[in-house]
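Peer 1: Take this structure first; my questions come after.
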Amino acid sequence: MSNVLRLALVDPHDASRETLKKMLLGMDVVWLEAECSRYEFFPDVVAQSAPDVGVVSLDSDPDKAVALLERMRSEAANCAMLAVSSNSDGQLILRAIRAGAKEFLTLPLSLEDMISALGRISEARFGGSAGGNSRSTKIYAVAGASGGVGCTSLAVNLGCVLASNPQNTVALVDLDMAVGDADVFLDTIPDYSLVDVTQNVARLDFQLLKRSLTKHSSGLYLLPRPVQLQDVSLINPDSLKRVFGLLKATFTHIVIDTSKSFSETDLAAFEFANDVLMVIQLDLPCLRNLVRLQMSFDEIEGLREKLKIVVNRVGLESGQIKLKKAKETIGREIFHQIPNDYRTMIEVRNNGVPLLEQAPKAPITLAVQELAALLTGESKTGEEGDHDAQAAGQTGGSSSWLGFWPKGAKSKT
Numbered sequence: 035m036s037n038v039l040r041l042a043l044v045d046p047h048d049a050s051r052e053t054l055k056k057m058l059l060g061m062d063v064v065w066l067e068a069e070c071s072r073y074e075f076f077p078d079v080v081a082q083s084a085p086d087v088g089v090v091s092l093d094s095d096p097d098k099a100v101a102l103l104e105r106m107r108s109e110a111a112n113c114a115m116l117a118v119s120s121n122s123d124g125q126l127i128l129r130a131i132r133a134g135a136k137e138f139l140t141l142p143l144s145l146e147d148m149i150s151a152l153g154r155i156s157e158a159r160f161g162g163s164a165g166g167n168s169r170s171t172k173i174y175a176v177a178g179a180s181g182g183v184g185c186t187s188l189a190v191n192l193g194c195v196l197a198s199n200p201q202n203t204v205a206l207v208d209l210d211m212a213v214g215d216a217d218v219f220l221d222t223i224p225d226y227s228l229v230d231v232t233q234n235v236a237r238l239d240f241q242l243l244k245r246s247l248t249k250h251s252s253g254l255y256l257l258p259r260p261v262q263l264q265d266v267s268l269i270n271p272d273s274l275k276r277v278f279g280l281l282k283a284t285f286t287h288i289v290i291d292t293s294k295s296f297s298e299t300d301l302a303a304f305e306f307a308n309d310v311l312m313v314i315q316l317d318l319p320c321l322r323n324l325v326r327l328q329m330s331f332d333e334i335e336g337l338r339e340k341l342k343i344v345v346n347r348v349g350l351e352s353g354q355i356k357l358k359k360a361k362e363t364i365g366r367e368i369f370h371q372i373p374n375d376y377r378t379m380i381e382v383r384n385n386g387v388p389l390l391e392q393a394p395k396a397p398i399t400l401a402v403q404e405l406a407a408l409l410t411g412e413s414k415t416g417e418e419g420d421h422d423a424q425a426a427g428q429t430g431g432s433s434s435w436l437g438f439w440p441k442g443a444k445s446k447t
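Using the working numbering, you'd call the opening residue of the sequence shown number 35 and step up by one each time.
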């Protein structure tokens, strides 16, 4: 289990140990290496299992537990100690911290508190990577430079491709609040929506979070847009970020299908994402919109570097702009190209099945698989078409694409 943060747990109380164990087992970012019911046995357990973090419950015997923390500080310096107790007395907290606990959490534990504590331990000890053992969740936001360019179809099928790897757990979030239709592409009728999760985020644990999402036969978990338009106002960037945090601690990959409005919630998704896939077609409206969007994105720290251009429907017969001209216009490399296959995509949408099931050997399916490989660093070719991951966002500078924008607007920047 080299991709996760390894934990060992000690708690002489059976009931509270089972509660802690259930929470830890539900977290894909950690692996419960060992559990122990006796304080005196815990040093041997840690010596044998070599966990990254030791979780010590103090309630059974606070004096013995604090003595154990002191012993672990000298005998297992590489194992960070996390103390938990239903007693929030300041003196006990101080004793635990002085004895060597890196964090102190009060029972009953909230999911967010546990995530935050483990994150701080990882950051302090391992620079956020848990000494090479912590899995870093990959988040991809999919946006479009114009309506109807195929964002949802790409997001859904990218999610299904990622989920086809048994080592991955993948969630798709539909952020197109008004007219999102990711559920249609997957032929599902969800029981819960994004508004249900955001309104109950404080009460969720990992098991309940997964049950709140709709699991497709491909293995992809879907969190759909609200059912009622009136509910959209209940979702704000702050509540959304809390949901994103829980998803990040639960899944290995998250795909976010954003809206075309570039609202505050969409920008929150961009901030959260590792990569922002901007889907375009090789036509004048898309390129013009992308130029304008890039001008705005340059004002948001870090966003330009995340941007990856994906050209959809390459080979469409209706007079597409040449790829070379498009690159000159937008001033950056094309990350990936998806071929046009109208017939297959219509069948996929109408049947509510992913490309992997409907047309596993079709060029469009292979192109989505290659996109997934490029994003995850698993590409065998290292490049596809005009893809250049290192040059994305670096080539051409602003002067090449500002020339495509009206002079009046250019003079204001």
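The C-beta atom is built at its ideal place from N, Cα and C for all residues, glycine as well.
How about the segment 195-205 and the segment 222-236: do they share at least three Cβ pairs that are nearer than 8 Å?
Peer 2: Counting Cβ pairs under 8 Å, fewer than three are found: no touch.
Peer 1: In or out: N270 buried (at least 16 other Cβ within 10 Å) or exposed?
Peer 2: Its Cβ having fewer than 16 others within 10 Å, N270 is exposed.
Peer 1: By alpha-carbon positions, which one of I343, P224, P394 and K249 ends up nearest to L409?
Peer 2: Checked all of I343, P224, P394 and K249; the closest Cα to L409 is I343.
Peer 1: What did DSSP end up calling E417 once you bin it into helix, strand or coil?
Peer 2: Residue placement at E417 is poorly supported in this model, since its pLDDT is 42, which falls under 50; the coordinates still yield a value, given next. Correct three-state label for E417: coil.
Peer 1: Do I173 and L116 count as a contact pair if the criterion is CB distance below 8 Å?
Peer 2: It is not a contact, given that the beta carbons lie outside the stated cut-off.
Peer 1: Taking only runs of the alpha helix (DSSP H) that begin and end inside the segment 291-316, which ones reach a length of at least 4 residues, in chain order?
Peer 2: Those alpha helix (DSSP H) runs which fall completely within the segment 291-316 and span 4+ residues are 298-306.
Peer 1: Residue ranges of each alpha helix (DSSP H) run of no fewer than 4 residues wholly in the segment 72-129, ordered along the chain?
Peer 2: Whole alpha helix (DSSP H) segments, 4+ residues: 76-83 and 96-109.
Peer 1: What three-state label does DSSP hand Q371 in the structure shown?
Peer 2: Strand, per DSSP.
Peer 1: Look at the Cβ atom of V100, then the Cβ atom of A42, and state whether they are nearer than 8 Å.
Peer 2: No, the pair does not count as a contact, with Cβ atoms beyond the cut-off.
Peer 1: Spatial neighbours of L327 within its chain, please: C-beta separation below 7 Å, excluding the five flanking residues on both sides.
Peer 2: Cβ within range, chain order: A179.
Peer 1: Classify N346 as helix, strand or coil using the three-state DSSP reduction.
Peer 2: Three-state result, N346: strand.
Peer 1: From what residue to what residue does the alpha helix (DSSP H) around I173 run?
Peer 2: I173 -> not in any alpha helix (DSSP H); beta strand (DSSP E) instead, spanning K172 to G178.
Peer 1: Pick out whichever of E404, I398 and A407 has its Cα sitting closest to the Cα of G184.
Peer 2: The shortest C-alpha separation from G184 is found at I398.
Peer 1: For P77, I'd like the list of residues in its chain whose CB is within less than 8 Å of its CB, leaving aside the five on either flank, ordered along the chain.
Peer 2: Excluding positions up to five away in sequence, the list reads L102, R105, M106, E109 and A110.
Peer 1: Between the Cα of F278 and the Cα atoms of V213, Q392, L206 and M329, which residue gives the shortest distance?
Peer 2: For the residues V213, Q392, L206 and M329, the minimum Cα distance to F278 belongs to L206.
Peer 1: Can you list, in chain order, the residues of its chain whose CB lies under 8 Å from that of L54, leaving out five sequence neighbours each side?
Peer 2: Cβ within range, chain order: L43, D45, V89, S91, V118 and L143.
Peer 1: Could you give the first and the last residue of the continuous alpha helix (DSSP H) run that contains Y376?
Peer 2: Looking at the DSSP string, the run of the alpha helix (DSSP H) that includes Y376 is Y376 to N385.
Peer 1: So what does DSSP say about D217, is it helix, strand or coil?
Peer 2: Three-state DSSP puts D217 in a helix.
Peer 1: Can you give me the Cβ contacts of K249 inside the same chain, cut-off strictly under 6 Å, excluding the 5 residues immediately before and after it?
Peer 2: Counting only Cβ-Cβ distances below 6 Å, and skipping sequence neighbours, we find Y255.
Peer 1: Between the segment 318-326 and the segment 277-295, can you find at least three pairs of beta-carbon atoms closer than 8 Å?
Peer 2: Result no; under three Cβ-Cβ pairs closer than 8 Å.
Peer 1: Can you tell me where the alpha helix (DSSP H) with R276 in it begins and where it stops?
Peer 2: Element bounds for R276: P271 to T284.
Peer 1: So what does DSSP say about A212, is it helix, strand or coil?
Peer 2: DSSP places A212 in coil when its eight states are reduced to three.
Peer 1: What separation, rounded to the nearest whole angstrom, lies between the Cα atoms of M379 and L281?
Peer 2: M379 and L281: Cα-Cα distance of roughly 29 Å.
Peer 1: Can you say whether I372 is buried or exposed, counting buried as having 16 or more other CB atoms within 10 angstroms of its CB?
Peer 2: It counts as buried.
Peer 1: So, using beta-carbon positions, are R383 and F138 closer together than 8 Å?
Peer 2: No, they are not a contact pair.
Peer 1: One question on the structure: do T460 and L243 come within less than 8 Å of each other, judged by their Cβ atoms?
Peer 2: No answer is possible for residue 460: the residues shown for the chain start at 35 and end at 447.
Peer 1: Determine the DSSP secondary structure at A393, reduced to helix, strand or coil.
Peer 2: Looking at A393 - three-state DSSP - the assignment turns out to be coil, as it is neither helix nor strand.
Peer 1: To the nearest angstrom, report how far apart A84 and L188 are at their CA atoms.
Peer 2: Roughly 42 Å separates the two Cα atoms.
Peer 1: With 16 as the cutoff for other CB atoms within 10 Å, does E52 come out buried or exposed?
Peer 2: Exposed.
Peer 1: Would you give the residue range spanned by the alpha helix (DSSP H) that R326 belongs to?
Peer 2: Counting along the chain, the alpha helix (DSSP H) containing R326 begins and ends at L318 to F331.
Peer 1: From the DSSP output, in three-state form, read off I288 for me.
Peer 2: I288: strand per DSSP, three-state reduction.
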